[in-house]
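Below: one structure, written as structure tokens.
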Amino acid sequence: WQFVDDLIFVAPHIKDIAINQIPTIKNNTNIHVIPNGVDLQKYKFKDKQKGFNLAYVGYINHKKNPSLLLQCIKNLVDIDDRYILHIAGQHQELRFKLYFDHIIKEMKLEKNVIFHGWINDINTWLEDKHFTVSTSVLESFCHGIADAMACGLKPIIHNFIGAKELYPQKYIFNTVSDFSKMVLSDEYNPIEYREYIENNYSQDNQLKEIDKILNINSHKEILPDEDCTY
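Here you go:
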């Protein structure tokens, strides 16, 4: 790490985890936290009324806690079976594909969980969706959630470590019953979700902060390392 001038993390909790695992990095390099940025020009905002379509975007693997995802949907559908989970992504682990195929039938969710495969044009795919869901056990940022919020979808986020540092408490749930309450709530404000991303995670701000670090380093005098041999 003595050869690294600056180290950038995208979230405070990821920085803390790294320092806890490798304490010496804080003595050998300058550490910064620069949040990820969303290209707001890429994602079209749509001010829509609350509906019944939930979106999950991304790979399905153990890190994404897919078992909890299905338990949440089952709890919600038992209350109101008009809700449908739409999945844009693909399985990365055979065990979870087998589990999904099995438990969806066992819980009679065939009509409420729809796989769309990998979607390249997420912007268009999200147009008729109303909620964006994450049940991950750990994320550094969760780009899928932020991108969907930029389109005006209401976020429903499991309480992973650091979630409260990234997103407001009212978007975060602990239990399956909390999940259903958040979806069923009358509170639905697409403009609010878009503005949260604009104010906190714009790509322009991200690039400006990175430029500051690069500009500072460009003016540093580079001295030969005594330990190096040429």
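Here this note's numbering = 1-based position in the sequence shown + 246.
Note that CB positions come from ideal geometry on N, CA and C, so glycine has one too.
Q. Under three-state DSSP, which class holds residue 355?
A. Here residue 355 refers to the residue found at position 109 when the sequence shown is read from its first residue. In the structure shown, residue 355 sits in coil (DSSP, three-state: anything other than H, G, I, E or B).
Provide the residue span of the alpha helix (DSSP H) that contains residue 392, from first to last. If you number the sequence shown from 1, residue 392 lands on position 146. Run containing residue 392: 389 to 396, per the alpha helix (DSSP H) assignment.
Within 10 angstroms of the Cβ of residue 423, are there 16 or more other Cβ atoms? Answer buried if so, exposed if not.
The count along the sequence shown starts at 1 and reaches residue 423 at position 177. Burial call: exposed.
query: Which residues bound the alpha helix (DSSP H) around residue 281?
result: As a working note, residue 281 is residue 35 in the sequence shown. Unbroken run through residue 281: none, as it is neither H nor E.
Notebook entry, point to check: Within this structure, are the beta carbons of residue 319 and residue 430 separated by less than 8 Å?
Noted result: Start at 1 with the first residue of the sequence shown, and residue 319 comes out as number 73. Start at 1 with the first residue of the sequence shown, and residue 430 comes out as number 184. Result no, Cβ atoms of residue 319 and residue 430 do not sit closer than 8 Å.
Query raised in the report: Using a Cβ-Cβ distance under 8 Å, would residue 269 count as near chain B?
Result: The structure shown contains no chain B, having only a single protein chain.
Figure out for me which residue from 404, 397 and 412 has the closest Cα to the Cα of residue 288. As a first step, residue 288 is located in the sequence shown; it is residue number 42 there, counting from the start. Checked all of 404, 397 and 412; the closest Cα to residue 288 is 397.
**Report entry** Every unbroken alpha helix (DSSP H) within the region 303 to 352, with a cutoff of 4 residues, ordered by chain
**Finding:** 312 to 325 and 340 to 352
Discussion item. With H, G and I counted as helix, E and B as strand and the rest as coil, what does DSSP make of residue 253?
Written reply: Stepping through the sequence shown from its first residue, residue 253 is reached at position 7. Strand.
Report task. Could you please give the first and the last residue of the uninterrupted beta strand (DSSP E) stretch that includes residue 403? Result -> Here residue 403 is taken as the residue at index 157 of the sequence shown, counted from 1. Residue 403 -> beta strand (DSSP E) spans 400 to 404.
Of the residues 393, 406, 366 and 400, the one placed nearest residue 485, counting alpha carbons only: Residue 485 falls outside the range modelled here, since the chain spans only 247 to 476, and no answer is possible.
Residue 330 beta carbon near the ligand ATP (any heavy atom closer than 7 Å): The ligand ATP is absent from the structure shown, which contains no ligands of any kind.
- Using a Cβ-Cβ cut-off of 7 Å (strictly less than) and excluding sequence neighbours within five positions of residue 386, which residues of its own chain qualify? Within the sequence shown, the letter at position 140 stands for residue 386. For residue 386, where only same-chain residues beyond five positions count, the Cβ hits under 7 Å are 256, 257 and 260.
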